[in-house]
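Novice:
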Amino acid sequence: MTLVQLAVAALTLVSNAFFVGGEFAMISVRRSQIEPRAKDGDRRAERALWGLEHLSEMLATAQLGVTASSLVLGAMAEPAIAHLAEPLFAAVRVPHGLVHPVAFVLALSLATYLHMLVGEMVPKNIALAAPERSALLLGPPMVALTRALRPVVVSINALANTLLRLVRIEPANEVAAAFTDEELARIVQDSRHAGLLSDTGGERLRDALELGQRPVGDLLVPLSEMVTVDQRVTPDELERTAARAGFSRLPVTGPAGTVLGYLHIKDTLGVVERDRPFPRKALRPMPRVHRDTPLDDTLTTMRAAGTQLAAVGGEQGEVLGFVTMTDVLGELVGPPAPDRARGAVEGADQ
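Number 150 in our numbering belongs to position 150 of the sequence shown; there are no gaps in the numbering.
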């Protein structure tokens, strides 16, 4: 009987380790580690992904398994170890009245130690050190148990969620996979320190995260430094100015330097009267943004307008300068070519 009890106790240690490892694996693994495998048809990854999407039920299964394993371990291991230890204490002439209490304390201590070491700490550390492998290995059987015990698991989970709502905590069924700007910046910084990102890659990611925070006024080219044309410009004059400046888009200014829009070099194509000014309706509209507008909002405005050139205004509505889509995107992908500054960018408008 004692050997049977010890065998059952050993199995419960293994089952306890399984549930603890599965629990920590599902908590610590990132969804981004599992999803690509699942999309490639990996059956284990598909089951693990289901577990991540039903995390509260998976945790209920793990807790149910840990509790049951602990109870069985206590019921089997302690009396078996105590039974084996009693003859040893009797042989060293421990008083008869103390043999059983001392053997019980020793058995309880040994069972607790093994439970903590083999059943808790080892599987937990393995899952934390290799979450992806642990989730792929332990996730599928955990999912199978969760589905098999679904009525019990759902009832336990529902009761736990009710208790959470009583203390005004909204239950979550899966670990959040989204991060704030500050959290992403910290992740990038930690990855650089760990050597997972090069300095260049880290800088580009940092710039990308800061893209939406910087005001467009930091990038504007002042109006006085822009190559512009007068509203009475002719096709021939536009071609000469564009060729001399090396830009395909040129802002058009009116009286007192007001910005009326812009002209593209291809607007000269097909024009018969080369020495007559462009009609007002030929001017392309140019979106205007305030100098404090974030860069991501500026980019959205330019894309919505179908143009790669925008005017930047001040507090009184005056035009302070211009910004190009290349200027904005350059903050994300690195410095552009030297010849892009002080003018409009190449590329097709809508």
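Note that the Cβ used here is the ideal one computed from N, Cα and C, for glycine as well.
A quick note: this is a predicted structure, and the numbers were derived from the prediction, not measured.
When the Cα atoms are used, what is the spatial distance from I265 to L320?
Specialist: 24 Å
Novice: I need the DSSP call for T324, collapsed to helix, strand or coil.
Specialist: strand
Novice: On the DSSP bridge assignment, give the partners of P215 in chain order.
Specialist: P294
Novice: To the nearest angstrom, how far is the alpha carbon of P123 from that of F18?
Specialist: 7 Å
Novice: Could you tell me how far apart the beta carbons of F89 and V102 are, in whole angstroms, since I believe they sit closer than 8 Å?
Specialist: F89 to V102, Cβ: 6 Å. Contact.
Novice: Which of the three DSSP states is assigned to L166 in this structure?
Specialist: helix
Novice: P251 lies in the beta strand (DSSP E); which residues open and close that run?
Specialist: DSSP places P251 inside the beta strand (DSSP E), whose first and last residues are R249 to T253.
Novice: Leaving out five residues before and five after A160 in sequence, what residues of the same chain have Cβ atoms less than 8 Å from its Cβ?
Specialist: S56, A60 and P171
Novice: Which residue's Cα is closest to the Cα of P255: V271, R240, T228 and D236?
Specialist: T228
Novice: Per DSSP, H264 forms a beta bridge with which residues?
Specialist: R249
Novice: Let me know the secondary structure DSSP gives L309 once reduced to three states.
Specialist: strand
Novice: Return the residue from the list E46, A127 and N16 that minimises the CA-CA distance to P363.
Specialist: Because the chain here runs from 1 to 350, residue 363 falls outside it and cannot be looked at.
Novice: Could you pull out every residue in the same chain whose Cβ sits closer than 8 Å to the Cβ of G74, ignoring the five residues on either side in sequence?
Specialist: Counting only Cβ-Cβ distances below 8 Å, and skipping sequence neighbours, we find A111.
Novice: Once DSSP output is grouped into helix, strand and coil, what is the label at V92?
Specialist: coil
Novice: Reducing DSSP to helix, strand and coil, say where A344 ends up.
Specialist: Note that A344 has pLDDT 44, beneath the 50 cutoff, so the model's placement of it is unreliable and no number is given.
Novice: Note down the Cα distance separating L299 from G41, rounded to an integer number of angstroms.
Specialist: 38 Å
Novice: Using only CA atoms, which one of V8, H54, R43 and A7 lies nearest to I27?
Specialist: H54
Novice: Can you check whether the CB of P131 is closer than 7 Å to the CB of V66?
Specialist: No, the Cβ-Cβ distance between V66 and P131 is not below 7 Å.
Novice: Which two residues bound the contiguous alpha helix (DSSP H) that contains M121?
Specialist: First-last for M121: undefined, no H or E at that position.
Novice: Assess contact between the stretch 234-249 and the stretch 268-288, defined as three or more Cβ pairs (one per stretch) separated by less than 8 Å. Is contact present?
Specialist: yes
Novice: Identify whether P36 lies in helix, strand or coil by the three-state DSSP scheme.
Specialist: Here P36 sits in helix by DSSP.
Novice: Please work out which residues of its chain come closer than 6 Å, Cβ to Cβ, to Q5, disregarding the five sequence neighbours upstream and downstream, and give them in chain order.
Specialist: M76 and A80
Novice: Using DSSP with H/G/I as helix, E/B as strand and the rest coil, what is V20?
Specialist: helix
Novice: Mapping the DSSP letters down to three states, classify V319 as helix, strand or coil.
Specialist: strand
Novice: Here's the rule I'm using: 16 or more other beta-carbon atoms within 10 Å means buried, otherwise exposed. How should G313 be labelled?
Specialist: buried
Novice: Who are P222's beta bridge partners in DSSP?
Specialist: G321
Novice: May I have the straight-line CA-CA distance separating A38 from L128, to the nearest angstrom?
Specialist: 21 Å
Novice: Would you kindly work out how many angstroms separate the C-alpha atoms of E318 and G195, rounded to a whole number?
Specialist: 48 Å
Novice: Would you give the residue range spanned by the alpha helix (DSSP H) that P277 belongs to?
Specialist: Here P277 belongs to no alpha helix (DSSP H), and DSSP marks it neither H nor E.
Novice: Using a Cβ cut-off of 7 Å (strictly closer), state whether R44 contacts chain C.
Specialist: Note that chain C does not occur in the displayed structure, where there is just one protein chain.
Novice: For D230, write down the residues that DSSP places opposite it in a beta bridge.
Specialist: T253
Novice: In angstroms with no decimal places, state the Cα-to-Cα distance between T326 and Q308.
Specialist: 8 Å
Novice: Helix, strand or coil for V102? Go by DSSP, reduced to three states.
Specialist: helix
Novice: Under the rule that 16 or more other beta-carbon atoms within 10 Å means buried, what is T258, buried or exposed?
Specialist: exposed
Novice: Per DSSP, which residues does R288 bridge with? Please list them.
Specialist: A311
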